[in-house]
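In what follows, a single structure is set out as structure tokens and then discussed.
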Amino acid sequence: MERYEHGEIEKKWQKQWSEDGVYETQDIAQGKENFYQLFEFAYPSGNLHIGHWYAFAMPDIVARYKRMKGYNVLYPVGFDAFGLPAENAAIKRGVNPRDWTYENMDHMRMQMRSMGASFDWSREVVTCDPAYYKWTQWLFLQLYKAGLAEHRGVDANWCPSCKTVLANEQVVSGLCERCDSAVEKRQMKQWQIGITQYADRLIDDLDDVQWPQDIKMSQKNWIGRSEGAELEFKISGEDYKLKVFTTRPDTLYGVTYMVVAPEHEIIQNLEKKIPNIKAVRDYVAESAKKSEIDRTNDTKEKTGVLLEGIKAINPANDEEIPVYVADYVLGNYGTGAIMAVPAHDERDQAFALKYDIPVRHVVAKKVGEIASIDLEKVGSYGIIQNNEGKFLIQYSKRVDEYWLPGGTVEDGESLEQALEREVVEETGFSDFVNGNKVSVVVWDQYSHTKKKTRRNVCHAFAVSLSSKKRVEIKMTQVEKDDEMVSKWMTYDEIDAAIKKQVNKEKGEVMMLLLDTYVKREVFAKDGVMINSGEFDGMESEEAKKAIVEKVGGEITTTYKLRDWTVSRQRYWGAPIPIIHCDDCGPIAVPDAQLPVELPDVEDYLPNDDGRSPLAKNEDFVNVSCPECGKDAQRETDTFDTFMCSSWYFLRYCDPDNVESFADMEKLKMWMPIDHYSGGAEHTTMHLLYSRFFTKALYDLGLVPSSEPYTRRMNRSLILGPDGNKMSKSKGNVIDPDDIVEKLGADTMRLYLAFVGPYNEVSSYPWNPQSIIGVRRFIERIWKLQEKVGDGGTKASDQALHKALDTVTASIENYKLNTGVSALMGTINVLEKEVSITKEHMTLLVTMLAPYAPHVAQEIWEGIGHDGYVAKVQWPEVDATLLVEDEILLIVQIGGKVRDKVTVAAGQDDAALEKIALASEKVQKFIGEKEIRKIIVIKGKLINIVI
RNA sequence: GCCUCGGUGGCGGAACUGGUAGACGCGUCGGACUCAAAAUCCGAUUGUAGCAAUACAGUGUGGGUUCAAGUCCCACCCGAGGCACCA
Numbered sequence: 004m005e006r007y008e009h010g011e012i013e014k015k016w017q018k019q020w021s022e023d024g025v026y027e028t029q030d031i032a033q034g035k036e037n038f039y040q041l042f043e044f045a046y047p048s049g050n051l052h053i054g055h056w057y058a059f060a061m062p063d064i065v066a067r068y069k070r071m072k073g074y075n076v077l078y079p080v081g082f083d084a085f086g087l088p089a090e091n092a093a094i095k096r097g098v099n100p101r102d103w104t105y106e107n108m109d110h111m112r113m114q115m116r117s118m119g120a121s122f123d124w125s126r127e128v129v130t131c132d133p134a135y136y137k138w139t140q141w142l143f144l145q146l147y148k149a150g151l152a153e154h155r156g157v158d159a160n161w162c163p164s165c166k167t168v169l170a171n172e173q174v175v176s177g178l179c180e181r182c183d184s185a186v187e188k189r190q191m192k193q194w195q196i197g198i199t200q201y202a203d204r205l206i207d208d209l210d211d212v213q214w215p216q217d218i219k220m221s222q223k224n225w226i227g228r229s230e231g232a233e234l235e236f237k238i239s240g241e242d243y244k245l246k247v248f249t250t251r252p253d254t255l256y257g258v259t260y261m262v263v264a265p266e267h268e269i270i271q272n273l274e275k276k277i278p279n280i281k282a283v284r285d286y287v288a289e290s291a292k293k294s295e296i297d298r299t300n301d302t303k304e305k306t307g308v309l310l311e312g313i314k315a316i317n318p319a320n321d322e323e324i325p326v327y328v329a330d331y332v333l334g335n336y337g338t339g340a341i342m343a344v345p346a347h348d349e350r351d352q353a354f355a356l357k358y359d360i361p362v363r364h365v366v367a368k369k370v371g372e373i374a375s376i377d378l379e380k381v382g383s384y385g386i387i388q389n390n391e392g393k394f395l396i397q398y399s400k401r402v403d404e405y406w407l408p409g410g411t412v413e414d415g416e417s418l419e420q421a422l423e424r425e426v427v428e429e430t431g432f433s434d435f436v437n438g439n440k441v442s443v444v445v446w447d448q449y450s451h452t453k454k455k456t457r458r459n460v461c462h463a464f465a466v467s468l469s470s471k472k473r474v475e476i477k478m479t480q481v482e483k484d485d486e487m488v489s490k491w492m493t494y495d496e497i498d499a500a501i502k503k504q505v506n507k508e509k510g511e512v513m514m515l516l517l518d519t520y521v522k523r524e525v526f527a528k529d530g531v532m533i534n535s536g537e538f539d540g541m542e543s544e545e546a547k548k549a550i551v552e553k554v555g556g557e558i559t560t561t562y563k564l565r566d567w568t569v570s571r572q573r574y575w576g577a578p579i580p581i582i583h584c585d586d587c588g589p590i591a592v593p594d595a596q597l598p599v600e601l602p603d604v605e606d607y608l609p610n611d612d613g614r615s616p617l618a619k620n621e622d623f624v625n626v627s628c629p630e631c632g633k634d635a636q637r638e639t640d641t642f643d644t645f646m647c648s649s650w651y652f653l654r655y656c657d658p659d660n661v662e663s664f665a666d667m668e669k670l671k672m673w674m675p676i677d678h679y680s681g682g683a684e685h686t687t688m689h690l691l692y693s694r695f696f697t698k699a700l701y702d703l704g705l706v707p708s709s710e711p712y713t714r715r716m717n718r719s720l721i722l723g724p725d726g727n728k729m730s731k732s733k734g735n736v737i738d739p740d741d742i743v744e745k746l747g748a749d750t751m752r753l754y755l756a757f758v759g760p761y762n763e764v765s766s767y768p769w770n771p772q773s774i775i776g777v778r779r780f781i782e783r784i785w786k787l788q789e790k791v792g793d794g795g796t797k798a799s800d801q802a803l804h805k806a807l808d809t810v811t812a813s814i815e816n817y818k819l820n821t822g823v824s825a826l827m828g829t830i831n832v833l834e835k836e837v838s839i840t841k842e843h844m845t846l847l848v849t850m851l852a853p854y855a856p857h858v859a860q861e862i863w864e865g866i867g868h869d870g871y872v873a874k875v876q877w878p879e880v881d882a883t884l885l886v887e888d889e890i891l892l893i894v895q896i897g898g899k900v901r902d903k904v905t906v907a908a909g910q911d912d913a914a915l916e917k918i919a920l921a922s923e924k925v926q927k928f929i930g931e932k933e934i935r936k937i938i939v940i941k942g943k944l945i946n947i948v949i
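Add 3 to a position in the first sequence, counting from 1, and you land on the number used in our numbering.
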């Protein structure tokens, strides 16, 4: 037996596959269904790393399997060759980005061939090739002509280090996604794409795709849809209306002030009416100086300035309320102005506390569920805390119940008056200072004594005692009967006590009242309307619509998603195919003149002035207007590389087409993509952009489906042996070329498959021992060839078919690791046999072929087969072989395993019961006890209940 | 803070619709072969107690449902990711 020489074997077959065009895909294959398996194409960064292997070689296992399963599989490959990463790397080395990119691609192609993956290289797509970007430009112009692209002044994200504008998605918590520099705001005229017009569909259509929950949620969060209403507040004495967006129109009666963002136009428009305009302007200037990070970072301390001389009018009750300017309100979200409800919004409460603005509760928490209310009672209760932190509680000895001091409000009394009267009567403490209202709870209960339903509106006030002076206690008869006493109790004592009391609801109400004070909670949920005129008693959810209707507001939706800025002030990108004419405005370059080729230039370095390096190239810039023929200038910005990658998967379907970006008939053959795998970092960038692109093109009748990817899966990360992310500076980088050389591509593929489930996002440290174990496994298969002879056992048949069952499911579900385990388990059985048949070995290498294609092919040939194992039919499981002759019967007593008995399969329940009861161990445990019940799970388990 | 997904031996991870927890691999320990080592092969390996048969405990924590819970329900703790002064 020759030794297993991975190097020779792998090179030999890679050459053969390539020469025979084994993996080239036709658009139609007789009798086969098409299957499109896609991975994210690579940036030509220079060198293949383990991450590339994980990204390209794992889906290859699935592609190979699907091919054997009888599908016509498209598994294409290409390069995302334009853009910042390549350009920055080239600049760093002082080489031209074009040369750098093309050299890198050559090198990477070579490395990728060493994976032994079944890529169809004949369909390769390179985005910086004019034959490709001609269509990127053309597609952009289709969007432009459809009103989905516009050159407009924007508050752009400028990266001072990359010297270009970035899209919102490329700013990660205020920093440039590529270089981590702090992003600045610049007013610039930029090309934007109208992705926001598709916000709803981008969210709603997620229901129809088979994507993992987390990816869907990330996209939803990013789009940030929030449903609410726009309401108008008149400015007193002015012909001016302040429009606000709110998700809580039900709290309109609780509005005690308003806030506008520093950028808000009201400051300009009504500046003559604002006596303190100087202070206001200073504040606006101050907040303009703050960077985005500063402004969103100091979330605790809120600042603002009152707009003196201006009063807004609450449309619900015509009350006049003050207006502030404060930077906790953002200019670019909603309407840039809010109605502030300190009782029901945390931020508003913080601001109100600082500037001493009244708080008005208009929604109460509700306890109890009762259909109709017979009578209503309003109560006023005190949260009274002494300097030891204990609370004053009324305790009824008779019914063992706790409650706050206070009581029912009588006719003509205010809440405060009632509270004072009741507390003095019940507790005798008389020197107290009325505090702030802290909360309101509506408690609906059924009174068994009165046989009526009752609503208790319980108001709670935080009250402090100025002295411990007590006067005579005047209890009511009921209170006397209940043996009421006052007690000082800690929060924990109260919490423990009410858990034991019979009336749980009453305890809950008290804790709610108390919690609001103790935990300083702001009640921002749904409840029952109070203090809201005709809406009192209504459920707040219902009141939303009713109040919007009453004040003539409008139900609206806002989004966090912003339009996609696609201009980049950089050289290495596809030129934006637009000509600016003084008379005609921005004009699309006529189709016949596409592509607008990226010229070769001497100076490709980016500038600080916000203009692309192409702007210096007069030959490029100066053209005549395609409309009127006058002198005009080309757009000199280039496209965001995400434009190029938003449609590359369409080009794979028809890569050589010179008439169009892709023929509709060919697109229909392949789209939508059956499975797409890639990195989690693209969830709210490429994945969102390409979904938008597909939808827009679908609406223009250019593509056959409105979603590009039926299934999507984010891949895990392979870490260095030390558990950290691989990086040159940490010195923990594993070079795949080394592994291929020392252990072979098949070992690498199997190792990566074995390391953990491919369909879950996690991170796996590189384990140098473990990969040797995998290599050992291949060598054991290799040696198994020696055992191929005439004889073979049924045990081998069974082991192989059991594995086949697992391997098939494993690949279908992208849990590639369990398939490798199953194969390992099989050879543990086969190795113990004296001899196995050629059929056994054939089945084994057929299953191995998707995982380790080289060695599988070599053995395939070695045992006397012609052609390619990659082209054979995936075997069917012989179900009869999965049936065991004997089973291991688990005998439980009361759910605990007490015995395991090997019995003949296929016996009926009664027979199994008999066997179980005959067991000595079982008898020992049962003893004298009576058997209450016996549960039999067919072919598996018996549970005897005693 | 809100949303989503997770938490299983020393490690990576198995466990179908509730039915033997820890498959498979790594590591560790013991043994065989060898003058010795590497490689290879064989055996053991969740913890505690015990010479052992065995018993008890055990899937983040605490409750619950069930004949039976890693799996289902409730509450909480921890981790990862997304959003975040977003009204």
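For glycine and all other residues, C-beta sits at the position ideal for the given N, C-alpha and C.
Checklist entry - Taking the alpha-carbon positions, what's the GLU349 to ALA527 distance? => result 8 Å
Checklist entry - Buried or exposed: which applies to GLY119, given that a residue is buried once 16 or more other Cβ atoms fall within 10 Å of its Cβ? => result buried
Checklist entry - Where does PRO602 land, buried or exposed, given buried means 16+ other C-beta within 10 angstroms? => result exposed
Checklist entry - Would you say the segment 636-647 touches the segment 608-620, given that touching needs at least three Cβ pairs under 8 Å? => result yes
Item to check | Among VAL308, ASN91 and GLU524, the one whose alpha carbon lies nearest that of TYR574 | outcome: ASN91
Checklist entry - Straight-line CA distance for GLY49 to ARG101? => result 13 Å
Checklist entry - Excluding the five sequence neighbours on either side, which residues of its own chain have a C-beta within less than 7 Å of the C-beta of LEU891, listed in chain order? => result LYS903 and THR905
Checklist entry - Tell me the DSSP bridge mates of TYR331? => result In the DSSP output, where bridge partners are listed per residue, TYR331 has none listed.
Item to check | C-alpha gap between TYR260 and ILE316, whole angstroms | outcome: 10 Å
Next on the checklist: By the DSSP assignment, the beta strand (DSSP E) with PRO252 in it spans what residues?
Outcome noted: It is not in any beta strand (DSSP E) - PRO252 carries neither H nor E in the DSSP assignment.
Checklist entry - Along the chain, where does the alpha helix (DSSP H) that runs through TYR574 open and close? => result Premise fails: TYR574 is in no alpha helix (DSSP H) and is neither H nor E.
Checklist entry - Among residues of its own chain, excluding the 5 on either side of GLY530, which ones have a beta-carbon nearer than 6 Å to its beta-carbon? => result VAL366, ALA367, LYS368, LYS369 and SER543
Checklist entry - If you count every other CB in all the chains shown that lies within 10 Å of the CB of ARG449, and 16 or more means buried, which is it? => result Note on residue identity: the sequence assigns Tyr, not Arg, to residue 449. With fewer than 16 other Cβ atoms within 10 Å, it is exposed.
Item to check | Residue range of the unbroken beta strand (DSSP E) whose run includes ASP634 | outcome: 634-637
Next on the checklist: For a quick check, are the C-beta atoms of ILE929 and ILE945 less than 7 Å apart?
Outcome noted: no
Next on the checklist: In the DSSP assignment, the alpha helix (DSSP H) including ALA913 goes from what residue to what residue?
Outcome noted: 912-921
Checklist entry - Residues bridged to LEU564 by DSSP? => result DSSP output for LEU564 lists no bridge partner at all.
Next on the checklist: Excluding the 5 residues flanking ILE206 on each side, which residues of the same chain have their C-beta closer than 8 Å to its C-beta?
Outcome noted: GLN222, LYS223, ILE226 and ARG228
Item to check | Coarse secondary structure for THR167, derived from DSSP in three states | outcome: strand
Next on the checklist: Among the candidates LEU146, LEU755 and GLN352, whose CA atom is the shortest distance from the CA of GLU524?
Outcome noted: GLN352
Next on the checklist: Short of 8 Å in beta carbon distance, which residues of its chain neighbour ASN389, apart from the five on each side in sequence? Order them along the chain.
Outcome noted: LEU395, LEU468 and TRP491
Item to check | Beta-carbon spacing of SER838, GLY792 below 7 Å | outcome: yes
Next on the checklist: Less than 7 Å between the beta carbons of ILE269 and VAL262, yes or no?
Outcome noted: no
Next on the checklist: Taking only three categories from DSSP, how would you classify TYR817?
Outcome noted: coil
Item to check | Exposure of MET532, with buried meaning 16 or more beta-carbon neighbours within 10 Å | outcome: buried
Checklist entry - Can you tell me whether DSSP reads GLU323 as helix, strand or coil? => result strand
Checklist entry - ALA60 and CYS131 look like a contact to me (Cβ under 8 Å); what is the Cβ gap, rounded to whole Å? => result Not really, about 25 Å apart at Cβ, beyond 8 Å.
Next on the checklist: Please return the same chain residues whose Cβ sits closer than 6 Å to the Cβ of PRO707, not counting the five positions on each side in sequence.
Outcome noted: LEU670, LYS671 and MET674
Checklist entry - ARG401 and GLU486 look like a contact to me (Cβ under 8 Å); what is the Cβ gap, rounded to whole Å? => result 5 Å
Checklist entry - Starting from VAL551 and walking both ways along the alpha helix (DSSP H), at which residues does that stretch end? => result 543-553
Checklist entry - Under the DSSP definition of a beta bridge, which residues are partnered with GLY371? => result Paired residue(s): none; GLY371 is not in a bridge.
Next on the checklist: To the nearest angstrom, how far is the alpha carbon of PRO724 from that of ARG779?
Outcome noted: 20 Å
Item to check | Continuous alpha helix (DSSP H) stretch holding THR104: start and end | outcome: 100-116
Item to check | Three-pair Cβ contact test at 8 Å for the segment 25-38 versus the segment 767-785 | outcome: no
Checklist entry - What whole-angstrom Cβ distance do LEU722 and TYR767 have, given they're in contact under 8 Å? => result 7 Å
Checklist entry - Going by the CB atoms, is the gap between GLY556 and LEU234 shorter than 7 Å? => result yes
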